[in-house]
């Protein structure tokens, strides 16, 4: 049969296409150690061809087939669990050594013209438990839903998740949606208590207080290294404005919302608006904002404790003073300093705070004071509705603290700046027979106290607050002179203050 020479040459070229293409794939290779495979799943063949050509033009080796030679697998799969299930069914021996990456790594690499370092945000994390995880018993099933039955570790191993949950909780709080707000705070509390870091969603299966929304946020973080929902909140003008306004002493979410609705967006907007009438607390909040928005150190808290201790013992030699709040829980820094002050003689505490305020004023260190007289009445207990603020006498202060009074000097003091700073201080004065309950309540943390009250109500049929513990079954108040007495009444193992950072 006669064959045209032209046809023969064409046929020869067709037969040699594959070897030539193979050679061209490795021409101009700049990065020998990186072998990329673009998964066609969810990407589509035409987009895959375009991206393959782009990568090869920049000196990348792009493998057409997924094999153990591949080092970087790039996928546009949105469901991490589905992707990993498929990958594990491919029979790849080298899968644990491969980088399974989202398209962000690829686009970053194309923009830089080189393979960028793999960061957490690039990884599509394995959300399926391994065979070892599936067959080995883990301690997660024993994690209690109540913070008062957990000992929070000093180190937060799951900060990437708990930080996201705190933003979501605060956003719901600004929207006055108490249910979702508490749900995210409970979820964060559980994760903070874990002595291990969550690396796949399957490990959280038996953990309490993690709802569908919480797990969806966690899966997104595991897959992309961040939560898009949280990023949207953080960039939201209303959230940013309310966050700013509520950072002022004396300004709560409702006031912040009212100012926001009036079109105010900054401190200068508020201070320049003639129709805004700030109360005394808010005026002091703006006046001393630079100081009281700054963290207070443990050394500063101890210095304030020495000042108040000396002042109160001038009034009565048998005074009892206790540091509470985050510093009692072992925190190195806080936003304010809380103290309980009382006397061992019942009823003698009545005028203690007013006398103490006079002492501080005489020393010239009282910058602001709001005193609230006691409205505590044992005959009105038990209260079946928890109130955020107890009824003991208390005062909210701003005190002047000198650099010379602090061991090691003031925290974050500017070199060459003034020699003092303003610090927020809260004092509460319960009767001595209520001291243990007040100490427990004011020590916190807020989530620990919520769960302790919930445990008392749900598990023991008791009502607990900063004033008393009431047994609904026996219909009687249970006496306590120490925190350990209260834990014993509740049938709980005593938890040290430093283990209550829920």
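Numbering (my numbering), first residue to last: 490 to 991. The beta carbon of each residue, even a glycine, is placed where N, CA and C say it ideally should be.
Pull up the CB-CB distance for residue 915 and residue 885, whole angstroms please, since I reckon it's below 8 Å.
6 Å
For the stretch 897 to 936, which segments carrying the alpha helix (DSSP H) assignment without a break, of at least 4 residues, lie completely within its bounds, in sequence order?
924 to 932
Following the continuous beta strand (DSSP E) through residue 883, name the residue where it begins and the one where it ends.
882 to 891
Based on the DSSP secondary-structure assignment, which residues constitute the bridge partners of residue 591?
564
Can at least three beta-carbon pairs, one atom from the stretch 978 to 991 and one from the stretch 818 to 836, be found at a separation below 8 Å?
With contact defined as three or more Cβ pairs closer than 8 Å, the stretch 978 to 991 and the stretch 818 to 836 are in contact.
Counting only runs that start and end within the stretch 608 to 695, where is the alpha helix (DSSP H) found for 4 or more residues in a row?
620 to 624, 648 to 663, 667 to 681
Could you check where the alpha helix (DSSP H) with residue 737 kicks off and where it finishes?
Premise fails: residue 737 is in no alpha helix (DSSP H) and is neither H nor E.
Mind pulling the alpha helix (DSSP H) runs of 4 or more residues that sit fully within the stretch 801 to 834?
For secondary structure counted as the alpha helix (DSSP H) over 4 or more consecutive residues, the stretch 801 to 834 holds these complete runs in sequence order: 814 to 817.
Starting from the C-beta of residue 924, find all residues in its chain whose C-beta is less than 8 Å away, skip the five residues before and the five after it, and write them out in chain order.
The beta carbon of residue 924 is closer than 8 Å to those of 809, 829, 831, 970 in its chain, skipping five residues each way along the sequence.
Excluding the five sequence neighbours on either side, which residues of its own chain have a C-beta within less than 8 Å of the C-beta of residue 783, listed in chain order?
900, 901, 910
For residue 520, write down the residues that DSSP places opposite it in a beta bridge.
In DSSP, residue 520 forms no bridge with anything.
For residue 852, report the span of its alpha helix (DSSP H) as first-last.
No alpha helix (DSSP H) contains residue 852, which DSSP labels as neither H nor E.
Within 10 angstroms of its Cβ, does residue 907 collect 16 or more other Cβ (buried), or is it exposed?
With fewer than 16 other Cβ atoms from the protein chains shown falling within 10 Å of its own Cβ, residue 907 counts as exposed.
What does the Cβ neighbour count give for residue 755, buried or exposed, with the cut at 16 atoms within 10 Å?
exposed
Do you know offhand how far residue 919's Cα is from residue 709's?
47 Å
Can you find at least 3 beta carbon pairs, one from the stretch 677 to 685 and one from the stretch 631 to 650, that sit closer than 8 Å?
yes
Buried or exposed: where does residue 579 fall if 16 or more other Cβ atoms within 10 Å of its Cβ makes it buried?
exposed
Inspect the CB distances between the stretch 730 to 744 and the stretch 786 to 800 and report whether three or more fall short of 8 Å.
No: fewer than three Cβ pairs fall under 8 Å.
Closest to residue 934 by CA distance: which of 834, 639, 762 is it?
Residue 639 holds the alpha-carbon nearest to the alpha-carbon of residue 934 among 834, 639, 762.
What is the DSSP secondary structure of residue 726, reduced to helix, strand or coil?
Residue state, collapsed to three classes: helix.
Select from 603, 702, 770, 652 the residue whose C-alpha is nearest the C-alpha of residue 715.
652
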